[in-house]
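Peer 1: When we follow the numbering used here, the leftmost residue of the sequence shown carries the number 29, and every step to the right adds one. Ideal placement from N, C-alpha and C gives every residue a C-beta, glycine not left out. Encoded as structure tokens, here's the structure I'll be asking about.
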Amino acid sequence: MEERLLLALAALMYLSSGLYLTFFTQGIDFYLVYHAAQNLLHGQASTLYNEFLAFQPGQNPLFYMYPPLVAICYVPFALVPPGLALFLFGLFCQVAFWDSLRLLFSGQNMTLNKKRLLVAMSLLFFPLYYSFHMGQNEAIVLWCLLAAVRFSQRGNDALSSLFLCVAIQLKMFLAFVPLYFLLTRRYRYVTYCLLWTSVGLGLSALWVSPPVLKAWALKLFSPLGIEAFIDNQSLTGFLTRSLTHNVYTRGLVDFPVGARRLTQGISLLLVFLYAAKIIRHRDHMDLETGFGFTLMTTLLIAPHVDTHHFVILLVPFSFLTLAGRLNAMRTAYYAFFATFIPLWAFKFLSVPKGFQIGQGAGQLFLSVPFFVLLSFWIYEYGQIGKMNAST
Numbered sequence: 029m030e031e032r033l034l035l036a037l038a039a040l041m042y043l044s045s046g047l048y049l050t051f052f053t054q055g056i057d058f059y060l061v062y063h064a065a066q067n068l069l070h071g072q073a074s075t076l077y078n079e080f081l082a083f084q085p086g087q088n089p090l091f092y093m094y095p096p097l098v099a100i101c102y103v104p105f106a107l108v109p110p111g112l113a114l115f116l117f118g119l120f121c122q123v124a125f126w127d128s129l130r131l132l133f134s135g136q137n138m139t140l141n142k143k144r145l146l147v148a149m150s151l152l153f154f155p156l157y158y159s160f161h162m163g164q165n166e167a168i169v170l171w172c173l174l175a176a177v178r179f180s181q182r183g184n185d186a187l188s189s190l191f192l193c194v195a196i197q198l199k200m201f202l203a204f205v206p207l208y209f210l211l212t213r214r215y216r217y218v219t220y221c222l223l224w225t226s227v228g229l230g231l232s233a234l235w236v237s238p239p240v241l242k243a244w245a246l247k248l249f250s251p252l253g254i255e256a257f258i259d260n261q262s263l264t265g266f267l268t269r270s271l272t273h274n275v276y277t278r279g280l281v282d283f284p285v286g287a288r289r290l291t292q293g294i295s296l297l298l299v300f301l302y303a304a305k306i307i308r309h310r311d312h313m314d315l316e317t318g319f320g321f322t323l324m325t326t327l328l329i330a331p332h333v334d335t336h337h338f339v340i341l342l343v344p345f346s347f348l349t350l351a352g353r354l355n356a357m358r359t360a361y362y363a364f365f366a367t368f369i370p371l372w373a374f375k376f377l378s379v380p381k382g383f384q385i386g387q388g389a390g391q392l393f394l395s396v397p398f399f400v401l402l403s404f405w406i407y408e409y410g411q412i413g414k415m416n417a418s419t
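Below, the structure is given as structure tokens:
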């Protein structure tokens, strides 16, 4: 009864908000990539990263910085007018989202109530709707990540790694994920990842000249000036906001060198703890547990994680539900991540209000989602050992 009621409420939210936010709102991030694809289509690949290379902190942060392959994949949308392109892209994202649910159910022996619960959880996850509103591609990333897991479980490393590499192209911070397969001694899988990456670079070089690619890579791996952006919910965002005076917030002190060193040190510590946990339990840990924990770690240590990126947390939450491990503590974490955006995201407060809040100790308020993510990571870190001990 409870699952049916929850599903009915979730369906109402989807019909009243999800479809509207997909087809009838701004899609500002989609248009960014759409225009990049048009540059390629019109033979202007050399201008692809002009605004990115010339960016200075404090300017409009909307510039194309994805790998060239992403713009290449958007070329079919660039063949039609912008409004129609956004509609078709939204339709594609909807298909990807619903097929993600099919992938969750694939090969699973679950009750009808559990299926209802998984669908309801997905439809109630507000970061998904926010990604629709922004014209972001998280629904496609979600689909790719779940496809990577399912093909890996079937022993098809070639297809699994292909889907993972597509997800990495769309969200570059996911480049951390192949480390999981390296630590679990899935060397063939890592080799396939390197192969697909090489293919992607080759395709990119057909459209974008090596000098442009080199300039993009050098800029990408240098401080961009957006680390302290008030919507960055990673470790980098929290420490940069807290320890520097910048164009977005005013920290408790202005110590940029200390902020960088502390970010690097804590990130390395988290990676070390993550690697030690995976290595210690790799012979008993199932793929879904390890993969979900890897995604959580990725969000924590990525240089820049906007609120819409938290859609990725649907993967570990879904896997925990499938395994019957969604206890009261995890349900509380799910509830927070499903609803936090209207409370904390600066878009709902207005940018000027966000800047005003981000002064001194006030900037800690902007980082509440980061604190919850960190505590969730710590909780799951401890639970992995307990789960293995009980099996």
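Runs of 4 residues minimum, wholly inside the region 97 to 182: which ones carry the alpha helix (DSSP H) assignment?
Peer 2: Positions of the alpha helix (DSSP H) runs, each at least 4 residues long and wholly inside the region 97 to 182, are given as 103 to 106, 110 to 133, 140 to 151, 154 to 162 and 166 to 181 in order along the chain.
Peer 1: Tell me the start and end of each unbroken alpha helix (DSSP H) in the region 254 to 288 that is at least 4 residues and wholly inside, in chain order.
Peer 2: Counting whole runs of 4 or more residues, the region 254 to 288 contains the alpha helix (DSSP H) stretches 263 to 271.
Peer 1: With a CB to CB cut of under 6 Å and the five nearest residues on each side skipped, what residues in its chain are close to residue 262?
Peer 2: 330 and 333
Peer 1: Looking at C-beta atoms only, is the number of pairs between the region 158 to 167 and the region 57 to 69 that lie closer than 8 Å three or more?
Peer 2: yes
Peer 1: Under 7 Å Cβ to Cβ from residue 422, same chain only, skipping five residues before and after it: list those, please.
Peer 2: Absent from the model: residue 422. The displayed extent of the chain is 29 to 419, so no value can be given.
Peer 1: Out of 279, 163 and 297, which one is the CA nearest neighbour of residue 393?
Peer 2: For residue 393, the closest C-alpha among the options 279, 163 and 297 is that of 279.
Peer 1: Hey, how far is the Cα of residue 147 from the Cα of residue 61?
Peer 2: 30 Å
Peer 1: Just verifying my parser: in three-state terms, what is the DSSP assignment at residue 84?
Peer 2: coil
Peer 1: Buried or exposed: residue 337, going by 16 or more other Cβ atoms within 10 Å of its Cβ?
Peer 2: Label assigned to residue 337: buried.
Peer 1: In the DSSP assignment, find the alpha helix (DSSP H) that holds residue 335 and state where it starts and stops.
Peer 2: Counting along the chain, residue 335 falls outside any alpha helix (DSSP H), and DSSP gives it neither H nor E.
Peer 1: Three Cβ pairs or more, each shorter than 8 Å: is that satisfied between the region 263 to 271 and the region 286 to 297?
Peer 2: Judged by pairs of C-beta atoms under 8 Å, the region 263 to 271 touches the region 286 to 297, as three or more such pairs exist.
Peer 1: Measure the alpha-carbon distance for residue 281 versus residue 301 and round it to whole angstroms.
Peer 2: 29 Å
Peer 1: Please return the same chain residues whose Cβ sits closer than 7 Å to the Cβ of residue 295, not counting the five positions on each side in sequence.
Peer 2: The beta carbon of residue 295 sits closer than 7 Å to the beta carbons of 263 and 329 from its chain, once the five residues preceding and following it are set aside; these are given in chain order.
Peer 1: Since residue 310 is in the alpha helix (DSSP H), which residue starts that stretch and which ends it?
Peer 2: Segment: none, residue 310 is in no alpha helix (DSSP H) and carries neither H nor E.
Peer 1: Check whether the Cβ atoms of residue 401 and residue 327 lie closer than 8 Å to each other.
Peer 2: Closer than 8 Å, so yes.
Peer 1: Less than 8 Å between the C-beta atoms of residue 172 and residue 205, yes or no?
Peer 2: no
Peer 1: Hey, would you say residue 3 sits closer than 8 Å to residue 409, going by beta carbons?
Peer 2: Any property of residue 3 remains undetermined from this structure, which presents the chain solely from 29 to 419.
Peer 1: Taking contact to mean at least 3 C-beta pairs separated by less than 8 Å, is the region 232 to 251 in contact with the region 95 to 105?
Peer 2: These segments touch.
Peer 1: When the Cα atoms are used, what is the spatial distance from residue 239 to residue 245?
Peer 2: 10 Å
Peer 1: Identify whether residue 54 lies in helix, strand or coil by the three-state DSSP scheme.
Peer 2: coil
Peer 1: So residue 133 and residue 143 are in contact, right, with Cβ under 8 Å, and what is the actual spacing, rounded?
Peer 2: The pair is a contact, with the Cβ atoms about 6 Å apart (cut-off 8 Å).
Peer 1: Have a look at residue 116 and residue 105 and give me their C-alpha separation to the nearest angstrom.
Peer 2: 8 Å
Peer 1: Out of curiosity, what's the CA-to-CA distance linking residue 396 and residue 122?
Peer 2: 30 Å
Peer 1: From the beta carbon of residue 231, is the nearest beta carbon of chain B less than 8 Å away?
Peer 2: Structure shown: chain B not included; a single protein chain is present.
Peer 1: Please name the residue in 403, 405, 212 and 223 whose C-alpha comes closest to that of residue 313.
Peer 2: 212
Peer 1: With distances taken between CB atoms, is the gap from residue 68 to residue 243 smaller than 8 Å?
Peer 2: no
Peer 1: Given a threshold of 16 other Cβ atoms within 10 Å of its Cβ, counted over all protein chains shown, does residue 224 qualify as buried or as exposed?
Peer 2: buried
Peer 1: Who pairs with residue 387 in a beta bridge, going by DSSP?
Peer 2: 278
Peer 1: Quick one: what's got a C-beta closer than 7 Å to residue 218's C-beta in the same chain, skipping five residues either side?
Peer 2: Cβ within range, chain order: 206, 209 and 210.
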